[in-house]
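Numbering (the UniProt record's numbering), first residue to last: 1 to 1126.
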Amino acid sequence: MARKITRKNFYMEIRRNFGRFISILFIVALGVAFFSGIRASEPSMRITGDAYFDESDLMDIKAVSTLGITKEDVSAVGNVKGVGKAEGAYSADFLNIKNKKQYVLHVMSAMEDMNKITVREGRMPEKAGECLVDDQMNYKIGETIKLKSGTDDKVTDTLKTDELKVVGKGNSPYYISLSRGSTTIGTGTISGFVVVPEKTFDLDVYTEMYVQVAGAKDLTAYTKAYKEKVKTVQKRIEAITEERGKIRKSELEDKANEKLAKAQKKLDDGKAESKQKLEDAKKQITDGETQVSQAKEKIASGKSQIAAAKQTIDTKQKELDQAKKTYQNGLKELSQGKKQYEQGKAAYDSQYAEAQAKIQAGEEGLVTYRAELDKGWAGYQTLLNTIEALKAQAAGGSGQNPDQENPNQDQENPNQDQENPNQDQELLQKIQVMELQAQETKKTLDAKEQDYQTQKAGLDAAKQKLASGKAELDQAKAKLDASEAKLTSAAASIESGQKQLDAGKAELKAQEQTLQNGETEIAQNEAKLADARKEYEDGKETSEEEIAKGEKKLADAKEQIKKIKNPKWYVYNRSTLVEYDGFGENANRMRAIGKVFPVMFFLVAALISLTGMTRMVEEQRIEIGTMKALGYGNFSIASKYLGYAFLATAGGSILGVLTGEKILPYIIIYAYEIMYPHIPKIYVPYHMSYAVMASAASIVCTMGATLASCYKELAAEPAVLMRPPAPKKGRRVFLERIGFIWKRMNFTWKSTIRNLMRYKKRFFMTIFGIGGCMALMLVGYGVKDSVYEIADIQYDEIQLYDGHIFYKDDVTKTEKEELKEYLKEDTDIQTYMDARMQSVTASKENKKRSVYQCVLGNPDIVGKYEDFHDRKTKESYKLTDNGAIVSEKTAKLLNVKEGDTINLKDGMAKGVTVKIAHICENYMGHYIYFTPQYYKKVYGKTAEYNCIMFRAKDGYSEEQVKKAGEKILAKDQVLTISYLHDIKDQLDDMLASLNLVIIVLIVSAGMLAFVVLYNLNSINITERQRELATLKVLGFYDVEVAEYVFRENILLTLIGAFVGVIFGKVLHLFVIQTVEVDAAMFGRSIYLPSYIYSFLFTIGFSLFVNWVMYFKLKKIDMVESLKSIE
1 MARKITRKNF YMEIRRNFGR FISILFIVAL GVAFFSGIRA SEPSMRITGD
51 AYFDESDLMD IKAVSTLGIT KEDVSAVGNV KGVGKAEGAY SADFLNIKNK
101 KQYVLHVMSA MEDMNKITVR EGRMPEKAGE CLVDDQMNYK IGETIKLKSG
151 TDDKVTDTLK TDELKVVGKG NSPYYISLSR GSTTIGTGTI SGFVVVPEKT
201 FDLDVYTEMY VQVAGAKDLT AYTKAYKEKV KTVQKRIEAI TEERGKIRKS
251 ELEDKANEKL AKAQKKLDDG KAESKQKLED AKKQITDGET QVSQAKEKIA
301 SGKSQIAAAK QTIDTKQKEL DQAKKTYQNG LKELSQGKKQ YEQGKAAYDS
351 QYAEAQAKIQ AGEEGLVTYR AELDKGWAGY QTLLNTIEAL KAQAAGGSGQ
401 NPDQENPNQD QENPNQDQEN PNQDQELLQK IQVMELQAQE TKKTLDAKEQ
451 DYQTQKAGLD AAKQKLASGK AELDQAKAKL DASEAKLTSA AASIESGQKQ
501 LDAGKAELKA QEQTLQNGET EIAQNEAKLA DARKEYEDGK ETSEEEIAKG
551 EKKLADAKEQ IKKIKNPKWY VYNRSTLVEY DGFGENANRM RAIGKVFPVM
601 FFLVAALISL TGMTRMVEEQ RIEIGTMKAL GYGNFSIASK YLGYAFLATA
651 GGSILGVLTG EKILPYIIIY AYEIMYPHIP KIYVPYHMSY AVMASAASIV
701 CTMGATLASC YKELAAEPAV LMRPPAPKKG RRVFLERIGF IWKRMNFTWK
751 STIRNLMRYK KRFFMTIFGI GGCMALMLVG YGVKDSVYEI ADIQYDEIQL
801 YDGHIFYKDD VTKTEKEELK EYLKEDTDIQ TYMDARMQSV TASKENKKRS
851 VYQCVLGNPD IVGKYEDFHD RKTKESYKLT DNGAIVSEKT AKLLNVKEGD
901 TINLKDGMAK GVTVKIAHIC ENYMGHYIYF TPQYYKKVYG KTAEYNCIMF
951 RAKDGYSEEQ VKKAGEKILA KDQVLTISYL HDIKDQLDDM LASLNLVIIV
1001 LIVSAGMLAF VVLYNLNSIN ITERQRELAT LKVLGFYDVE VAEYVFRENI
1051 LLTLIGAFVG VIFGKVLHLF VIQTVEVDAA MFGRSIYLPS YIYSFLFTIG
1101 FSLFVNWVMY FKLKKIDMVE SLKSIE
């Protein structure tokens, strides 16, 4: 029965205080989730990477040899103990120009059993001329890639074709990040890879060999077990390389000797053939000389005969020339006569037409003129007839009108004469006038008649003259025709004679041409003989030279064969893969973060949950006393609280593990996919070790605190427990002693101050909880500040140059000077300086580190390339001849300071001792800087520079710097160029992936802050329920009661935030130093915005919790609360 009541009481307690139960459960869940989730991120990253590597059958070991890898080498390595598979492969780097931009492509052969390609689009290449390209390259399927070697060699020296057709796109496990590595051509940086069938390569031996270690797949990559297993097999392979080298050397010597024997035979055959050819040539020259001599005699006889014939032809030609001269004179006279005739005829013809036209016009004019005259004479006669008629009328006195214009007029006017008595007189006057007119008309007509006759006579004379000219022309034409006929006959005779002479001349010319051809042929033959003699001499000399060269080549070849050395093998593990180690280092970073940040997070959560359970036990002391008085045992009473704590803590732990170990690792690995986009699937298994560790710690802390509280209460007598605890003795607070402040404070503020000091446990717990959350958020923001600042500081403020130009190993001093002269003339380069970069081992006592030893050629201008200064004081340093400058992280790892000495080894047995003059700020890598003089002083020899540090023109973009580098990389002296902006970009990409991780840290800290504030406020209200009910009874409104409580919360939040700033700064420094990897130093600064954001979030969570608690305050029942103690 008692057990049933106890069990029921247990369930009722959870129901009554479900908010507290859920609060403890969630705060434990948060702590466990964060602890186990962050801790599980590191192994989950390794498992995710390992799963991709195993699915793609990524190699474990890579081997290369200076003389290539043969099939026998592959078989020999395959038989090494521990080797699962061994496969040879080909690769080479080429250039491609696309859209006026140069790309460097790493062309590699497709492998059957290792390094399997993940096809994203299209298919794998199947025949020569087809290829699969890097998925991140901007090539389309069906596109043709034209390759260039980037060196003096031809592409076809390595591949069977220099054109590849894209048939697919995909990813290679060889490249898990965006970076594709470096090369010795183009810009020095590989743009992407290209996969081709093995038969595309035209090489005798493999360029590399890949090995998979038996059983390595069963181990997780990056783990110690995996590394040791691979290292063991790696050493076994290295053990057989010397033997394989001897075999390879022997094979090369045998092949070389075989080629040498063939070359010797070819040389001997060439000697015999050359001797025979020279003898044949000499005999041909002698026969040719005899033939030329005989031809010269024939030419001399022919010349005599031609001279006699030529004299006869000359005589005949003179006679003919005289006849031609007479003929030409006649022609000349005939021509002049024709010319005169033509001129006369032309003048006649031109004048004839005009004259004929004038004559015709004149005749037409005369006809018209005659007609007018005749008409005029007719009119004149009519006038005379009219005058006679008028005269007759006047003489008859008939009174008739002399004009007779109207014969009927008198009949119509019978009385006209009576009417005009003066008419007769008028008629006479008219007759007189007409007579005068007739006289004038006749005179005019006579004059015109005379003019007509004159014109007619002139026209007749013109006709006569025209006929006379025609007769003269006809007579001249007849004479010319007669002369022309005579000349034609003479011309025929001359032509006949000329033909005969021409025939003779043609025959003579033909004979001369024959002689000339003969002479030309003789000259040509003599020239040929001369050429043949010269060719013979040259051939003899060339033959002797070629034979000498051949003999020298054979001798050199023999010497080269003697000089053949055992090839050098290089056996690497996966660390040589681009960003393979980077992925592991990022996992290590998460492990470092998981060692510190989650622990602090977990401690805050555990402490708050512990406080909640302690307060619960203290609140129920009366119930404990009652149950004890009723006879319940201590264990029976305590089991309720222990069960409550266990159920809340175990539930929170399970919830935290289930969510934290799935969500947080997934988010973190997903964030890193910015850097590693080709890893296809994220694996986040549960890691029970972290789950058990976090859950056990939570349960132990909470259960222990609960047990301790129960023990404290159960140790008292029931009567004591059933009475309320005596109030604590009041004390004056500090401000009460400052009268001028205390007197000016109102009641509520005085009450607030007293309450803060009265509940000291709550005071410190709240400050610790809020300060812890504030510190965690500040650490989250601070880590972001510290990590993100290093790239800009390192490559914009410390290392000021743009890159290194590395010499090839066999470059002479003269060639180095030529390169520097080129850089001096290069308009893209602002300044440059010799340098020696060498990896050495620095040690101090039992501490060792690999560092870059940098000898800077010109200490006077070092400030243009490196800014040496102290991180804290910003004091600038200069390189001197009395010591070296060491980077800060290096000095810290070696535990040295200025004035100390360290030992450096670069392969020497003993090494050298170097004094540290200064320690400079530096974030990436380990460096120790020398002047040339101090290097000589320490090593006893002059530094041999192996690179050049350079700065491009100010304002140049990354693209412009790379274009400038392309021209430099094309120089024969240059091995490769490393650009600082590439390193910075890679670092930025890596740090960008941390952004989401840091956001997770900040959000988690914010969630913890909210739960902590909620839990502490809930406990505070529960403990003071009677006090708050009393205030309500006294007439305080809900808002006033809330203000009474929240004023304390706000003050505690402000104080906690201030404490959190101090604690956060210390914790941030501790976290940064803990999560730092050996190769880098993170910043130590937290910027003002981070303080502001953390503070605002803390205040914001506090205000939000106050708002939530306001509704809980409103629900306080005054009566029930006041009598609760009873």
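Ideal placement from N, C-alpha and C gives every residue a C-beta, glycine not left out.
Counting C-beta atoms within 10 angstroms of its own C-beta, P685 has fewer than 16 neighbours from the protein chains shown and is therefore classed as exposed. Between G1056 and I770, the gap from beta carbon to beta carbon is short of 7 Å.
Distance from the CA of E958 to the CA of H981, rounded to the nearest whole angstrom, comes to 7 Å. Per DSSP, N1106 lies in no beta strand (DSSP E); the unbroken alpha helix (DSSP H) holding it starts and ends at 1088-1114.
Between the stretch 867-881 and the stretch 919-929 there are three or more inter-stretch CB-CB distances shorter than 8 Å, so the stretches are counted as touching.
7 Å or more divides the Cβ of G625 from the Cβ of V32.
Each residue's CA atom was taken as its position, placing M1007 and F1101 some 9 Å apart.
Rounded to the nearest angstrom, the gap between the Cα atoms of E797 and D867 is 7 Å.
DSSP, reduced to helix, strand and coil, places I885 within a strand of the structure shown. Taking 8 Å as the upper bound for CB-CB distance, V855 and R836 are in contact here, some 4 Å apart. Check the Cα spacing between E535 and each of K338, K905, I285: the tightest is with I285. Between the stretch 174-184 and the stretch 567-579, the count of C-beta pairs closer than 8 Å reaches three or more; the two stretches touch. Put simply, of L320, T890, A917, L893 the residue whose alpha carbon is nearest the alpha carbon of G899 is A917. Under a 10 Å Cβ-count criterion, L776 is classified as buried, with 16 or more other Cβ atoms of the shown protein chains found around its own Cβ. For E736, there is no enclosing beta strand (DSSP E), as DSSP gives it neither H nor E. Closest in C-alpha terms to Q516, from the list Q351, L707, A300, Y139, comes A300.
For D73, the uninterrupted alpha helix (DSSP H) segment begins and ends at 71-78. Within a 10 Å sphere around the beta-carbon of D135 sit 16 or more other beta-carbons, which makes this residue buried. According to the DSSP assignment, F1082 belongs to no alpha helix (DSSP H), since it is labelled neither H nor E. For R39, the CB contacts under 7 Å within the same chain, skipping 5 residues up- and downstream, are G594, P598, Y690 in chain order.
DSSP places M1007 in the helix class (H, G or I) of the three-state scheme.
Note that the C-beta distance between G1064 and S786 is not below 7 Å.
When Cβ pairs closer than 8 Å are counted between the two stretches, the stretch 385-393 is seen to touch the stretch 423-439, the count reaching three or more.
Three or more beta-carbon pairs drawn from the stretch 330-337 and the stretch 484-495 are found closer than 8 Å, and the two stretches are therefore classed as touching. Excluding five sequence positions before and after I1050, the CB atoms of its chain that fall closer than 7 Å to its own CB belong to S1102, given in chain order. Counting other Cβ atoms within 10 Å of its Cβ, S653 reaches 16 or more and is therefore classed as buried. Rounded to whole angstroms, the gap between the alpha carbons of T158 and E585 is 37 Å.
Contact holds between the stretch 965-980 and the stretch 802-820, because three or more Cβ pairs, one in each stretch, are under 8 Å apart. Between the stretch 98-112 and the stretch 222-234 there are fewer than three C-beta pairs closer than 8 Å, too few to call the two in contact. For K101, no alpha helix (DSSP H) run applies; the uninterrupted beta strand (DSSP E) run containing it begins and ends at 101-109, by DSSP. Counting the other CB atoms within 10 Å of its CB gives A964 a total of 16 or more, which places it among the buried residues.
Looking at R7, G19, S149, S850, the one whose alpha-carbon comes closest to that of V1108 is G19. Nearest neighbour of A891 by Cα position, chosen from I767, I928, V196, turns out to be I928. Distance between A221 and M124, taken at the CA atoms: about 28 Å.
Burial is judged here by how many other beta carbons sit within 10 angstroms of a residue's own beta carbon; Q973 has at least 16 and is buried. As DSSP reads the structure, Y852 sits in a beta bridge with S839, Y927.
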